[in-house]
Amino acid sequence: LGIKVPPEDLIAAYHQHKPDAFGLSGLLVKSAQQMVTTAQDLRAAGIEIPLFVGGAALTRKFTATRISVEYGGPTLYAKDAMDGLDLANRLFGATTREALIERLRAEHERLRAGAEVAEGPRPTAAAPARSAVSRDVSVPKPPDLDLHVLRRVPLTHVYPYLNLQMLLGKHLGVKGSVQRLLAEGDPKTLEINAAIEELKRETVEQGWLEANALYRFFEARSAGDDLILSRDGRETARFTFPRQRAGERLCLADYVRDTAAAEPDHVALFAVTCGKGVRDLAERWKEEGQYLRSHAIQALAIELAEALAEMLHTRLRTQWGFPDPPGLSMEDRLKARYRGIRVSFGYPACPNLADQRILFDLLEPSQIGLELTEGFMMDPEASVSALVFHHPEAKYFKAE
Numbered sequence: 302l303g304i305k306v307p308p309e310d311l312i313a314a315y316h317q318h319k320p321d322a323f324g325l326s327g328l329l330v331k332s333a334q335q336m337v338t339t340a341q342d343l344r345a346a347g348i349e350i351p352l353f354v355g356g357a358a359l360t361r362k363f364t365a366t367r368i369s370v371e372y373g374g375p376t377l378y379a380k381d382a383m384d385g386l387d388l389a390n391r392l393f394g395a396t397t398r399e400a401l402i403e404r405l406r407a408e409h410e411r412l413r414a415g416a417e418v419a420e421g422p423r424p425t426a427a428a429p430a431r432s433a434v435s436r437d438v439s440v441p442k443p444p445d446l447d448l449h450v451l452r453r454v455p456l457t458h459v460y461p462y463l464n465l466q467m468l469l470g471k472h473l474g475v476k477g478s479v480q481r482l483l484a485e486g487d488p489k490t491l492e493i494n495a496a497i498e499e500l501k502r503e504t505v506e507q508g509w510l511e512a513n514a515l516y517r518f519f520e521a522r523s524a525g526d527d528l529i530l531s532r533d534g535r536e537t538a539r540f541t542f543p544r545q546r547a548g549e550r551l552c553l554a555d556y557v558r559d560t561a562a563a564e565p566d567h568v569a570l571f572a573v574t575c576g577k578g579v580r581d582l583a584e585r586w587k588e589e590g591q592y593l594r595s596h597a598i599q600a601l602a603i604e605l606a607e608a609l610a611e612m613l614h615t616r617l618r619t620q621w622g623f624p625d626p627p628g629l630s631m632e633d634r635l636k637a638r639y640r641g642i643r644v645s646f647g648y649p650a651c652p653n654l655a656d657q658r659i660l661f662d663l664l665e666p667s668q669i670g671l672e673l674t675e676g677f678m679m680d681p682e683a684s685v686s687a688l689v690f691h692h693p694e695a696k697y698f699k700a701e
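The sequence shown lines up with residues 302 to 701 when you count with our numbering.
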């Protein structure tokens with residue numbers, strides 16, 4: 302049926318075509334969250350045919366604990382296309398169906414039980430207000446608090462930030478270390494890499510991909526688990542983030558000076574997109590039978606958006622007054638071995654996707670062709686939005 306298909310279209314297709322099963326795939330974490338909603342809507346419509354789910358964003362645990370509990374029929378996680386085909390053959394085989402369903406039921410029960418144990422009882426005693434993150438670090442000042450719009454960033458400037466492991470490994474099926482396989486001359490990896498290099502060259506020459514971005518620094522303070530953004534001393538936005546219930550008890554708000562501080566802190570917000578026209582181009586190539594190029598251009602656009610986000614984050618650190626060390630390699634940069642972090646809504650430290658609306662209200666990314674759907678998903682999909690912290694102790698964590 303295509304990409305970004307709303308649940309109501311799936312339900313209509315079910316009644317029209319009477320399929321034996323549904324298949325949902327998600328490249329991004331946000332897509333996985335949408336699968337939960339889709340499962341709920343299918344169940345409400347009385348649909349119980351087998352539901353196959355997969356993609357880079359999904360895991361067996363997420364399938365068992367978040368998707369299958371919301372769906373009325375069998376829910377099957379496939380790690381890749383071949384696994385999905387094998388599962389389908391067994392599910393619809395007269396002699397193998399019951400054994401497979403029983404194995405899935407037992408596996409889902411085990412994963413759910415494990416999740417409940419990991420969840421553990423909530424502490425009844427009053428918890429400390431915040432973690433041990435330092436409050437007295439020096440606060441760098443950004444150059445201004447203006448909105449900056451970057452249009453048609455040269456792709457040749459962005460491609461050096463491309464994560465080849467993600468592109469070839471996660472999206473294009475290369476198993477193992479891409480860097481090692483290229484160095485060893487692995488034929489399949491060399492062939493796929495050559496196809497991507499050719500596609501990159503064509504995107505520059507033909508203008509098939511367009512890199513656009515916008516960003517802004519904001520005055521910021523924290524109050525408990527809240528991050529408060531202000532302008533001219535007046536509150537303009539507020540985010541409430543979850544705090545870890547055990548361990549370090551981290552919360553994103555801890556990385557910003559609190560309201561008792563004499564001077565304000567700062568954070569940055571940005572949004573980037575590389576998806577303009579990609580969907581139509583990919584669909585045209587698919588109709589022409591160019592299946593690999595159709596898939597590759599979509600994967601390249603997604604990873605190009607991540608590369609643009611990495612490039613912009615590097616620029617923000619420089620403007621903020623703490624540029625990366627001259628010897629920092631691109632490999633280290635892609636592993637986030639620098640000061641500060643950038644986090645995106647829908648991910649472990651800030652899971653509330655609805656906070657995207659606040660970011661969109663503050664930045665107005667429609668200026669660069671980026672819109673927000675009713676489910677708080679970005680359109681085009683090859684886009685990234687983020688909240689940037691400078692604190693030297695900031696690190697990535699799960700707020701569980």
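C-beta atoms are modelled at their ideal positions from N, C-alpha and C, and glycine is treated no differently.
Could you tell me if residue i is buried or exposed, where buried requires 16 or more neighbouring beta carbons within 10 angstroms of its beta carbon?
i: G548; result: exposed
i: E349; result: exposed
i: P455; result: exposed
i: D437; result: exposed
i: S684; result: buried
i: A650; result: buried
i: T376; result: buried
i: Q334; result: buried
i: G641; result: buried
i: G355; result: buried
i: K476; result: exposed
i: R517; result: buried
Output the boundary residues of the alpha helix (DSSP H) element that contains residue i.
i: L482; result: V479 to A484
i: L325; result: Note, L325: premise wrong, no alpha helix (DSSP H); beta strand (DSSP E) at F323 to S326.
i: H318; result: P308 to H318
i: G347; result: First-last for G347: undefined, no H or E at that position.
i: T457; result: L456 to V459
i: L386; result: A382 to L392
i: F698; result: It is not in any alpha helix (DSSP H) - F698 carries neither H nor E in the DSSP assignment.
i: L377; result: Element bounds for L377: not the alpha helix (DSSP H) but the beta strand (DSSP E), T376 to A379.
Let me check one thing: in DSSP terms, what residues is residue i bridge-paired to?
i: F518; result: A569
i: V644; result: L688
i: C651; result: Y648
i: E672; result: D680
i: L352; result: F323 and T376
i: N513; result: T574
i: A561; result: DSSP, once it has assigned bridges, lists no residue as partnering A561.
i: E536; result: S531
Mind reading off the beta-carbon distance from residue i to residue j? Whole number of angstroms is fine, and I expect it under 8 Å.
i: G676; j: T366; result: In fact, because the Cβ distance is near 20 Å, the residues do not count as touching under 8 Å.
i: T574; j: P461; result: No, T574 and P461 are not in contact; Cβ-Cβ is about 19 Å, not under 8 Å.
i: K380; j: L412; result: Not really, about 15 Å apart at Cβ, beyond 8 Å.
i: S531; j: A554; result: Not confirmed; about 14 Å, so no contact.
i: I497; j: A597; result: 7 Å
i: L392; j: P351; result: 6 Å
i: A514; j: L451; result: 4 Å
i: M336; j: G327; result: 6 Å
i: T619; j: R634; result: The Cβ separation is near 12 Å, so there is no contact.
i: L519; j: V568; result: For the record, residue 519 in the displayed sequence is Phe; it is not Leu. Rounded, the Cβ-Cβ distance is 6 Å, consistent with contact.
Could you pull the start and end residues of the beta strand (DSSP E) that residue i belongs to?
i: D527; result: D527 to R532
i: S595; result: Careful: S595 lies outside any beta strand (DSSP E), inside the alpha helix (DSSP H) at Y592 to W621.
May I ask you to report which of helix, strand or coil DSSP gives residue i?
i: R544; result: coil
i: A495; result: helix
i: E589; result: coil
i: D680; result: strand
i: S630; result: coil
i: Y556; result: helix
i: T339; result: helix
i: A524; result: strand
i: R580; result: helix
i: T504; result: helix
i: L448; result: coil
i: P429; result: With a pLDDT of 48 at P429, under the threshold of 50, the modelled position of this residue cannot be trusted; read the value that follows with caution. P429: coil per DSSP, three-state reduction.
i: E665; result: coil
i: A414; result: helix
i: E549; result: coil
i: A400; result: helix
i: R453; result: coil
Using a Cβ-Cβ distance under 9 Å, would residue i count as near chain B?
i: P627; result: Of the protein chains in the structure, only one exists, and it is not chain B.
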